[in-house]
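In what follows, a single structure is set out as structure tokens and then discussed.
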Amino acid sequence: MNITSGKIPKAQKAVIYGVEGIGKTTFASQFPDPVFIDTENSTNYLDVKRYDKPSSWTMLLNEVDDMKLNRPGKTLVIDTIDWAEDLCKQHLCASNNWKAIDSSDYGIRYVALGNEMGKLLDKLSEVINVGINVVITAHAWLRKKEEPDEIGSYDRYELKLEKKSAPIVKEWADMVLFANYKTYVMETKSGKKKGQGGERVMYTTHRPTWDAKNRLGLDDELPFDYKQIASAFTQATTGGQQQTLPVQPAPQLEQPPLPPETPTQPAQPAPDETETNDDQEIHINNTIPQGLADLMKIQNVSEDELMQIIYQGGFMPQNTPLENVPADLFEHITANWDAALNLLNTKVRNQK
0 MNITSGKIPK
10 AQKAVIYGVE
20 GIGKTTFASQ
30 FPDPVFIDTE
40 NSTNYLDVKR
50 YDKPSSWTML
60 LNEVDDMKLN
70 RPGKTLVIDT
80 IDWAEDLCKQ
90 HLCASNNWKA
100 IDSSDYGIRY
110 VALGNEMGKL
120 LDKLSEVINV
130 GINVVITAHA
140 WLRKKEEPDE
150 IGSYDRYELK
160 LEKKSAPIVK
170 EWADMVLFAN
180 YKTYVMETKS
190 GKKKGQGGER
200 VMYTTHRPTW
210 DAKNRLGLDD
220 ELPFDYKQIA
230 SAFTQATTGG
240 QQQTLPVQPA
250 PQLEQPPLPP
260 ETPTQPAQPA
270 PDETETNDDQ
280 EIHINNTIPQ
290 GLADLMKIQN
300 VSEDELMQII
310 YQGGFMPQNT
320 PLENVPADLF
330 EHITANWDAA
340 LNLLNTKVRN
350 QK
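In terms of numbering that gives the first Met the number 0, the numbers along the sequence shown are unbroken and rise by one, the last being 351.
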């Protein structure tokens, strides 16, 4: 048994949520070498690296996997988690033929949502394990909090997530920062009260009226400025990368740096891939929903191969035209994309 002592530097897991327009995305863009998964096009005005906007839950998970494998930056930013949750809801509805995520069936749909969101957090933890920070942004909303004692009910700010999703996101994070405008109530000469101020601040510890926490010993209230926490993330990222190097089971992932690998792999297949992508962009019919079309482009699946998945899977008779494929079947294939790819590789491409 090995016993160690002292602090262990590692990549950080941060959740930043706040009221609309406070500057969450701009704040996240100041983390070390960020790469965004932008679910709501909020980075259009920023000069940052970003993946294509995910049009499906499967595409979002694939982008997280790519960040872990290829490491194009030092910080992965999910902006925002509540819009990502919407993709998750769409995925579950398509997979289970549900009309909505609600309390039907004794709340089993909310449980399924929490479990699926947990899969995303597990993948983000894998990103952390290779020395990459993860920052999650979220909108805030006010919810009524009921207390059983004499306090009664009051409003509090919470993550704009469903009740099964919000707790696991907060538990997963090393820090949860709540950003808001600080206002002061002033009484005028006439006796009327009005709010003044408007300074942007972030709260780092829990209060009855908001959720927040940190493990860095931060002050309870700080200016909403990345410089206030920058040192923790710079040190953590450096330390995290140094620790992951010795424990990698496959040293070839670390010793040949990624930039040299990138040209060697595309060197041979690059022409074919370019042709394939061009073909796909020309031949992907507008009938195919955007979410499925994006997954097809990523995996180089042609329109003809999609129809073979439909035929071989027994969904539609042979020679059924694309225009006759129902929309709910496209949604089903999108929600079960991994299974569709497996069928394609084992029963279609292997037969060629």
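Note that CB positions come from ideal geometry on N, CA and C, so glycine has one too. None of the values given here were measured: they were computed from a predicted structure.
On a CA-only basis, which of the options is nearest residue i? Give me that one, please.
i    : options                : result
T360 : L123, K169, S124, R199 : One cannot answer for residue 360 here, as it falls past the ends of the chain, which runs 0 to 351.
T25  : N114, I131, D46        : D46
I7   : D51, L215, T42         : L215
E220 : Y180, S230, I283       : Y180
E170 : G106, K12, L340, S4    : K12
K226 : A211, T208, M201, R206 : M201
K296 : L340, L160, E322, D85  : L340
R70  : L59, L91, K88, N132    : N132
F223 : A231, G312, T203, T233 : T203
N213 : I228, Q307, D173, G313 : D173
L217 : P207, S230, T208       : S230
K122 : N43, L68, V175         : L68
T79  : M315, T3, Y156, G17    : G17
E19  : N344, A292, T208, Y156 : Y156
N96  : T333, D210, L342, N344 : T333
T208 : E115, G197, W140       : W140
V175 : A211, G197, V324       : A211
R206 : S55, N318, D154        : D154
L291 : I127, V14, L59         : L59
Tell me which residues share the same chain as residue i and place their Cβ nearer than 8 angstroms to its Cβ, disregarding the 5 neighbours each side in the sequence.
i    : result
P33  : A27, V47, K48, G72, K73, T74, L75, V76, V134
S152 : K143, K144, E145, E146
N335 : S94
G117 : I167
D81  : A137, H138, L158, K159, L160
L112 : E84, C87, K88, L91, I100, E161, K163, S164
I21  : A178, N179, Y180, R199, F223
Which one or two residues does DSSP pair with residue i in a beta bridge?
i    : result
A372 : No answer is possible for residue 372: the residues shown for the chain start at 0 and end at 351.
M66  : Answer is none; M66 lacks a bridge partner.
M375 : The structure shown does not extend to residue 375, since the chain spans only 0 to 351, so no value can be given for it.
K48  : V34
I77  : I36, I135
K212 : V175
Please state whether DSSP places residue i in a helix, a strand or coil.
i    : result
E220 : strand
D37  : strand
P8   : coil
N335 : coil
G17  : strand
T24  : helix
V347 : helix
R206 : strand
D104 : helix
T286 : coil
T261 : Here the model assigns T261 a pLDDT of 42, short of 50, so the residue's position is not dependable and the matter cannot be decided.
D277 : For D277, the predicted model reports a pLDDT of 43, less than 50, meaning its position is unreliable and no value from the coordinates is stated.
N96  : coil
N132 : strand
Does any C-beta atom of chain E lie closer than 8 angstroms to the C-beta of residue i?
i   : result
K12 : This model lacks chain E altogether, as it is built from one protein chain only.
Give every residue of the same chain whose Cβ lies closer than 7 angstroms to the Cβ of residue i, excluding the five residues on either side of it in the sequence, and list them in chain order.
i    : result
G239 : Only weak support is given to the placement of G239: the predicted model assigns it a pLDDT of 40, under 50, and the question is left unresolved by the model.
Q251 : Low confidence applies here, because Q251 scores a pLDDT of 40, under 50, leaving its location unreliable and the question unanswered by this model.
Q29  : Y225
F232 : Q11, F30, P31, N132
Given residue i, which residues of its chain have a CB within under 6 angstroms of its CB, disregarding the five upstream and five downstream residues?
i    : result
Q267 : Unreliable positioning characterises Q267 in this predicted model, as indicated by a pLDDT of 48, which lies under 50. A coordinate reading is not provided.
E274 : Note on E274: pLDDT 43, under 50, position unreliable in the model; no value is reported.
Q307 : V347
V300 : none
Any heavy atom of the ligand PLP closer than 7 angstroms to the Cβ of residue i?
i    : result
D154 : In the structure shown, the ligand PLP is absent, as is every other ligand, since no ligand is present at all.
*Pairing CB atoms from the region 62–69 with CB atoms from the region 100–118, are three or more of them under 8 angstroms?*
no
*Can we say the region 282–297 touches the region 325–335, given the rule of at least three CB pairs closer than 8 angstroms?*
yes
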